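Report on the following structure.
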Amino acid sequence: MPLNEKTGEFTPKIVAFCCNWCSYAGADLAGSSRLAYPAEVKIIRVPCSCRVNPMFILRAFEKGADGVILCGCHPGDCHYSTGNYYARRRMTLLFSMLDYIGVEKGRTRVEWVSAAEGVKFSTTMNEFAAKIHELGPNVRLEDLRCKN
Amino acid sequence: MQRIGVFVCHCGSNIAATVDVKKVVEMAAREPGVVHAEDYQYMCSEAGQAKIAAAIAEKKLTGIVVCSCSPRMHEATFRKCAERAGLNPYMVEIANIREHCSWIHKNMEEATEKAVILARAAIAKVNLNAPLKPGESRVTKRALVIGGGIAGIQSALDIADAGYEVDIVEKTPSIGGRMAQLDKTFPTLDCSACILTPKMVEAAAHEKINIYTYSEVEKISGFVGDFTVDIRKKARSIDANKCTGCGACQEKCPSKKSLSEFNRGLNTRSAIYTPFAQAIPNVPVIDREACIKFKTGKCGICSKVCAAGAVDYEQKDEIFTEKYGAIVVATGFDTIKLDKYDEYAYNQSKDVITSLELERVMNAAGPTKGHLERLSDGKHPEHIVFVQCVGSRCSDERGKPYCSKICCMYTAKHAMLIRDKYPDVKVTVFYIDVRTPGKNFDEFYRRAVEEYGVNYIKGQVGKVAPQPDGSLLVQASDLLDNKQIKMKADMVVLATAIEPDPSVRPLATMLTASIDTNNFLTEAHPKLRPVESPTAGIFLSGVCQGPKDIPETVAQAGAAAVKAIGLLAKDKLTTNPCTAKADELLCNGCSTCANVCPYGAISYEVKLINDHGVREDRRIAVVNNALCQGCGACTVACPSGAMDLQGFSNRQIIAEVDAICR
Amino acid sequence: MQELINRAKELLADGTVVRVLGWRKGDMDYNPEVAYFNSAEELDNFVYDGFCGANLSKYMIEASKLEGKTLVFLKPCDTYSFNQLLCEHRVDRDKAYIIGVGCRGKLDIEKVKAQGISGITAVSGTELDGPDSIKVSTIYGDFDVAYTDAMLERCHVCKGKEHKIYDELIGESKDTHDMDRMAAVAAIEAMSPTEKFAYFQAELSKCIRCNACRNVCPACSCRKCVFDSTKFDSQQKANVDSFEEKMFHIIRAFHVAGRCTDCGECSRVCPQGIPLHLFNRKFIKDIDELYGKYQAGETADQRAPLVNFTFGDAEPSIVNERGSK
Amino acid sequence: MSNVSKIEKQAALIREISGVNPYKCMKCGKCSATCPAFDEMDIKPHQFVSYVQEGNIAALAESKSLWKCLSCFACVERCPRDVKPAKLIDAARQIVEREKGGDYLMADEIPTLLDPELPQQLLVSAFRRYRR
């Protein structure tokens, strides 16, 4: 369980997939505007939200992530025109399936964040991290072998 | 096994103040594959890059990780540095420990821990990187300029002067754009037509420029250097080769009730019309919605009076398919609709007009022949009130959040021109802030106040109420006097916010160019690449990128032209090597990937495959590297995982996930 | 059955086809096997009865690579799978001669056993034109079981008696639909997250990763499955914990989402009796509700929902409203 | 409670009740330009925003304007920055009423508040709004 060694508090692991053109740039803008969000959030850069395979999300959970969020360009603004539309369907179905097998809904999220929305990026990450703190450690999907 | 070097940048104190860079170096050095780790003040500096190059040579590095600012900032820098040192540029990964770490976290321990994890993820990824080699694609030495206003004309002239063919596509019957509608221009007050029309003529006469007026871009495919564009040339119903531009048809046309687009609907035009006298080409268009011949089949007067026999009712839209290497977007702007601003009574009174309408009223070729008069009764006004920031700087859905930038200056211009020509007319300007940065701009505004006696009042107008006597009651704030003012006016002029021309939105989709929430096209970098779209080969000229005045527009148009020329001057382009690639042994040939490819980059061929000794003909997906832009949609659609994205492979991303979750 | 054999012999004899793909007698009456028949003599072992549930469409992938045409017998629901494979260029229409065979629902020996009948030695009366109840002979004596009581779950939610693609039809079919296809999915949806988790935990813990579900599935037809390839660092491993099989089954269902015709083969062949179709049906239910009704394999030229979109599609956050309370 | 923290608390409370961020104001004065009760007010609508920004709630609470605002919401409707001065005024009214302890406007107070220049409807609606 990801507990802080010193404080014993729950420090979640949060993986954020961000598309290169909008959301990663939005995260950069959040950075250059010094808009803080928890250090628990780690960003993985992907070219487009449509590059995110459901396997990646399940893999993150398997390896002990407590929350996974996918950020992409707003529908209609995809750098590749249509990528986020596919991502939208894929993630809707995947999240619905995770809910169906009893995984807490709050652990996954999709948010559209443009390159200009540094504020939105930071608020989204703050909200998401708060939600994961509320849900507590991910025990339902973790591969227990990976823990010592 | 890779031999990886890790380089941690302090970025002065930008990183080092919140991230313990020494600790990052120490932790990174323990990661598998890492044979070298060091930190430095400014990795992007010449000295920093020299350190990287030296380490690559000394330690025989096969991959490097730079822990620094965003890859959007310096990935290219470090890739070039690696390349110079003999390392494949795609063996470089960036861990973003500035924007995504040091700048947003305050606690050093937390930030350092995160920086270590980000470094670890980048190391895990680079362990799986493979050298990539960019491909090559050809450049069609011809440019397309979309929009025939001053921005488009200037870009086209500059590109053509450099010796390249240029096509201009303009959707209205004439080039000239908004500038052609203006009366005078600030801050020099020279006549707009006098400086614009020579440029229009020059463009039309230029041997390298071909102008498609009354035409629209219908389809765009291809990519930088090799765009294929379908242009729809709408039926003018006039044979442009025969027409002499004598104007007899327009005079005799019995249908004269259509509102003149050029005069902003303030007066009418005939069904067969040229928008304005200096139109280029000087060939009329039949408005088929208004034309009696088209509506009822009877009339045909224009055809009868045309000595040249140029009228052709049967003319059809034509589609031209052309190839271009570069595209300049210069679609310009329009003023916003004022339907939601009931308080200004724009829809209730003819004497409440927008500033662009005032331009037409003041213009000698306009609906009042240049006489300043009330449009309701033709009376000479005694008092004119100007309202600034109508729809600009609004955070609600009625207006636009941005400053339209040009209004302060043109309002000062209008006020000054009116006071100059009609000293008896009282002019009051209500402003929130007067914004006049620019050469000779503030001086201009001060002249309006000091020399021309224009009354500037700080405060917004709350209400304009038409009175029974035909006057307008203006209720406004005087913030400096802390008063509420009620004054009578004969005319109210609204400095209406400008917005990108609505045609830009579908165009952006066709171009796959990004667009912001206000429909302005996004530049590749707000400071360093202000005239380029993030989509390669697309350049931005004029207000389609953001509000700007004429000198700025012309400057940007020239800059966009130079960027386009820089592209056209190349014989070959290197293509992004981060493209999709199908593993022949795993491909099912099911076509799922081709269904989601936005670029039509995937095709299929039947190929003899030797699958561990089994030789059979298989239907295999093949990716065209020149078309593929590397979005990765196909990689997820592919059920077998045969399709993978170079530079962002499944295993690379999974390695990052694992490293973060470790 | 004899009619099928006769027709097959004719087609072999006149050279229309060079082999026949069908079912032959197995070790037990309820265990017929899928088989190729290359000659008239071999066809003597041909069988077609209530236990011939196997969907032969997937075998046509390999048969399409062989020289000459293959005669294949497809039940109405199997034709959806064939269409879907055709849509994905996995089978060659020109290499198939399709006889649409009649079907009155297929039988599940587990349903018979569930009635407390054991020591089964023979089952009869399961032919297409057989009686309303089947005769089960056991070492303890004979039992009569109503045909519908022994039917596979999938036949109670039958898609219809119409063949979607065929060259000729032999035998009458019956629409055996008498249950709500989505009832079981809806029942799970109504559970609390803890109950859902417990339910799937219990079901999936039975999984032995034998891959039967994958191997029989006509949509799971990749040359190499992602769970066997090195592409995702997800090579087949022994299940050690609760997550592995969940990931496997979620991904398996996801990979066939929008392509699964709901033929029910996965659940039919699962040796552990896991109701695997509940994963596929969840996706089908979501797709129908969110993106409009879609039946994979209805025709061979549809665009599957996951490679399609509309501008106004629901946002993923809709799961918060539709999902568990 | 120290004075500073009380001011901060009240300013925060106003923001919470009104749902308005006064810092969005760009001081254009359109609210005051629009206000039909402008002449009756000692603190003008646009000044209200600055008072809230500065946390000067005490002055607001004592101002005549608090009860002169007609709640016609013209300023809310026309404010280009979504600052909604009338909502701030309304929030200030609520704070005043809450301070009184009863939270509510009492029926006996109405006669003293009556003003022939103002529509009685306003007081009736205020009564409805602030009574039990």
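Residue numbers (this note's numbering), protein chains in the order written: chain A, 516 to 663; chain B, 1259 to 1920; chain C, 3 to 327; chain D, 203 to 334. Note that CB positions come from ideal geometry on N, CA and C, so glycine has one too. Just so we're clear, the structure is a prediction, and the values are computed from it rather than from any experiment.
**OP:** Could you confirm whether any beta carbon from chain B is found closer than 9 Å to the beta carbon of Arg-334/D?
**Re:** Within the fourth sequence, the letter at position 132 stands for residue 334/D. In this prediction, Arg-334/D has a pLDDT of 43, which is less than 50 and means its spatial position is unreliable; what the coordinates show is noted afterwards. Not one chain B Cβ lies under 9 Å of Arg-334/D.
Original post:
Under a three-way DSSP split, which group does Asn-57/C fall into?
Top reply: Against the third sequence, residue 57/C aligns to sequence position 55. Correct three-state label for Asn-57/C: coil.
Subject >> Interface flag, Ala-251/C vs chain B, CB-CB below 9 Å >> reply: As a working mapping, residue 251/C is identified with position 249 in the third sequence. A quick correction: the sequence has His, not Ala, at residue 251/C. False, the Cβ-Cβ gap to chain B never drops below 9 Å.
Subject >> Met-30/C, DSSP secondary structure in three states >> reply: Taking the third sequence and counting its residues from 1, one reaches residue 30/C at position 28. Residue state, collapsed to three classes: coil.
Subject >> Which residues DSSP lists as bridging Tyr-1470/B, in chain order >> reply: As a working mapping, residue 1470/B is identified with position 212 in the second sequence. Per DSSP, Val-1427/B.
Original post:
According to the neighbour-count rule (16 or more other Cβ atoms, all chains shown, within 10 Å of its Cβ), is Phe-643/A buried or exposed?
Top reply: By one-based count along the first sequence, residue 643/A stands at place 128. Answer is buried; the Cβ neighbour count reaches 16.
Original post:
Where do the ends of the beta strand (DSSP E) carrying Val-1789/B lie?
Top reply: Taking the second sequence and counting its residues from 1, the one referred to as residue 1789/B is at position 531. Looking at the DSSP string, Val-1789/B is not in any beta strand (DSSP E), and its letter there is neither H nor E.
**OP:** Can you give me the Cβ contacts of Gln-4/C inside the same chain, cut-off strictly under 6 Å, excluding the 5 residues immediately before and after it?
**Re:** Along the third sequence, one-based indexing puts residue 4/C at 2. Cβ within range, chain order: n/a, list empty.
Subject >> Exposure of Ala-298/C, with buried meaning 16 or more beta-carbon neighbours within 10 Å >> reply: Looking up residue 298/C in the third sequence gives position 296. Counting Cβ neighbours within 10 Å, Ala-298/C comes out buried, since at least 16 surround it.
Original post:
What are the boundary residues of the beta strand (DSSP E) that His-1641/B is part of?
Top reply: As a working note, residue 1641/B is residue 383 in the second sequence. From DSSP, the beta strand (DSSP E) with His-1641/B extends over 1641-1648.
Original post:
Given Lys-77/C, which residues of its chain have a CB within under 7 Å of its CB, disregarding the five upstream and five downstream residues?
Top reply: Counting from one through the third sequence, the residue named residue 77/C turns up at place 75. Hits under 7 Å: Val-103, Cys-105.
Subject >> Enclosing beta strand (DSSP E) for Ile-1433/B [first to last residue] >> reply: For the purposes of this step, residue 1433/B is identified with residue 175 of the second sequence, where counting begins at 1. Counting along the chain, Ile-1433/B falls outside any beta strand (DSSP E), and DSSP gives it neither H nor E.
**OP:** Please list, in chain order, all residues of the same chain as Pro-1552/B whose beta carbon is under 6 Å from its beta carbon, the five residues on each side excluded.
**Re:** For the purposes of this step, residue 1552/B is identified with residue 294 of the second sequence, where counting begins at 1. The residue asked about is misnamed: residue 1552/B is Phe in this sequence, not Pro. These residues qualify, in order along the chain: Arg-1546.
**OP:** Just list the beta strand (DSSP E) runs in the region 53-121 of chain C, keeping only unbroken ones of 3 residues or longer that don't cross its boundaries, in chain order.
**Re:** 72-76, 98-103
Original post:
Got a sec: which bits of the region 598-616 of chain A sit with their beta carbon under 7 Å from any beta carbon on chain C, in order along the chain?
Top reply: Tyr-600, Tyr-601, Arg-603, Arg-604, Arg-605, Met-606, Thr-607, Leu-608, Leu-609, Phe-610, Ser-611, Met-612, Asp-614, Tyr-615, Ile-616
Subject >> Residue range of the unbroken beta strand (DSSP E) whose run includes Glu-1394/B >> reply: On the second sequence, residue 1394/B is found 136 positions in, with the first residue counted as 1. That run of the beta strand (DSSP E) goes 1394-1396.
Original post:
Which first and last residues belong to the alpha helix (DSSP H) in which Lys-1671/B is found?
Top reply: As a first step, residue 1671/B is located in the second sequence; it is residue number 413 there, counting from the start. Taken as a continuous stretch (DSSP letters only), the alpha helix (DSSP H) holding Lys-1671/B covers 1665-1679.
**OP:** Could you give the DSSP three-state label for Thr-1335/B: helix, strand or coil?
**Re:** Mapped onto the second sequence, residue 1335/B falls at position 77. Note: Thr-1335/B maps to helix in three-state DSSP.
Subject >> Reduced DSSP secondary structure (H/G/I, E/B, other) of Glu-1874/B >> reply: Translated into the one-based positions of the second sequence, residue 1874/B becomes position 616. Here Glu-1874/B sits in strand by DSSP.
Original post:
Near Asp-1488/B, what residues of its chain come up, given a Cβ to Cβ distance below 6 Å and the 5 sequence neighbours on each side ignored?
Top reply: On the second sequence, position 230 is the one that residue 1488/B refers to. Closer than 6 Å at the Cβ level, and outside the excluded window around Asp-1488/B, lie Glu-1476, Lys-1477, Ile-1577, Thr-1579.
Original post:
Is there a Cβ from chain A that is less than 9 Å from the Cβ of His-1363/B?
Top reply: Here residue 1363/B refers to the residue found at position 105 when the second sequence is read from its first residue. It does: the Cβ of His-1363/B has a partner Cβ on chain A nearer than 9 Å.
**OP:** Examine chain B for any beta-carbon lying closer than 9 Å to the beta-carbon of Ser-273/D, and answer yes or no.
**Re:** In the fourth sequence, residue 273/D corresponds to position 71, counting from 1. With 9 Å as the cut-off, Ser-273/D does not count as an interface residue toward chain B.
Original post:
Which of helix, strand or coil does DSSP assign to Ala-1295/B?
Top reply: On the second sequence, residue 1295/B is found 37 positions in, with the first residue counted as 1. Strand, per DSSP.
**OP:** Report the residue from Lys-270/D, Cys-230/D, Met-228/D, Gln-255/D whose alpha carbon sits nearest the alpha carbon of Glu-242/D.
**Re:** The residue labelled residue 242/D in the question sits at position 40 within the fourth sequence. For Glu-242/D, the nearest C-alpha among the options comes from Lys-270/D.
Original post:
Going by C-alpha distance, which of Val-222/D, Leu-215/D, Gln-212/D, Ala-239/D is nearest Ile-1743/B?
Top reply: As a working note, residue 1743/B is residue 485 in the second sequence. Ranking the options by Cα distance to Ile-1743/B, first place goes to Ala-239/D.
**OP:** Ignore the nearest five residues each way along the sequence and tell me which others in Thr-1850/B's own chain have a CB closer than 6 Å to its CB.
**Re:** Residue numbering aside, residue 1850/B sits at position 592 when the second sequence is read from its first letter. Cβ neighbours of Thr-1850/B beyond the five flanking positions: Ala-1895.
**OP:** With DSSP as the reference, label Cys-661/A as helix, strand or coil.
**Re:** Numbered from its first residue, the first sequence carries residue 661/A at position 146. Here the model assigns Cys-661/A a pLDDT of 47, short of 50, so the residue's position is not dependable and the matter cannot be decided.
Original post:
According to DSSP, is Ala-293/D helix, strand or coil?
Top reply: By 1-based counting over the fourth sequence, the position of residue 293/D is 91. If DSSP states are grouped into helix, strand and coil, Ala-293/D belongs with the helices.
**OP:** Starting from the N-terminal side, write out each stretch of the alpha helix (DSSP H) that is 4 residues or longer and does not extend beyond the region 228-307 of chain C.
**Re:** 244-258, 267-271, 279-293
Subject >> Per-residue DSSP class, three states only, for Cys-160/C >> reply: Mapped onto the third sequence, residue 160/C falls at position 158. Coil.
Subject >> Where Phe-313/C falls, given that 16 or more other Cβ within 10 Å makes a residue buried >> reply: Position 311 of the third sequence, counted from the first residue, corresponds to residue 313/C. So Phe-313/C ends up on the exposed side.
Original post:
Beta carbon of Phe-1236/B, beta carbon of Ser-1413/B: below 9 Å?
Top reply: For chain B, the structure presents residues 1259 to 1920; residue 1236/B sits outside this window and is missing.
**OP:** Could you please give the first and the last residue of the uninterrupted beta strand (DSSP E) stretch that includes Trp-269/D?
**Re:** The sequence position of residue 269/D within the fourth sequence is 67, counting from 1. It is not in any beta strand (DSSP E) - Trp-269/D instead sits in the alpha helix (DSSP H) that spans 267-270.
Original post:
Which residue from His-279/C, Arg-270/C, Thr-18/C puts its Cα closest to that of Ala-259/C?
Top reply: Working through the third sequence from its first residue, we reach residue 259/C at position 257. Ranking His-279/C, Arg-270/C, Thr-18/C by Cα distance to Ala-259/C puts His-279/C first.
**OP:** In angstroms with no decimal places, state the Cα-to-Cα distance between Lys-1703/B and Lys-1679/B.
**Re:** Numbered from 1 along the second sequence, position 445 holds the residue referred to as residue 1703/B. Numbered from 1 along the second sequence, position 421 holds the residue referred to as residue 1679/B. Looking at the sequence itself, residue 1703/B is Tyr, so the reference to Lys does not match. Each residue's Cα considered, the two are about 17 Å apart.
Original post:
Does DSSP classify Glu-1655/B as helix, strand or coil?
Top reply: For this step, residue 1655/B is matched to residue 397 along the second sequence. Reduced to three states, the DSSP call for Glu-1655/B is coil.
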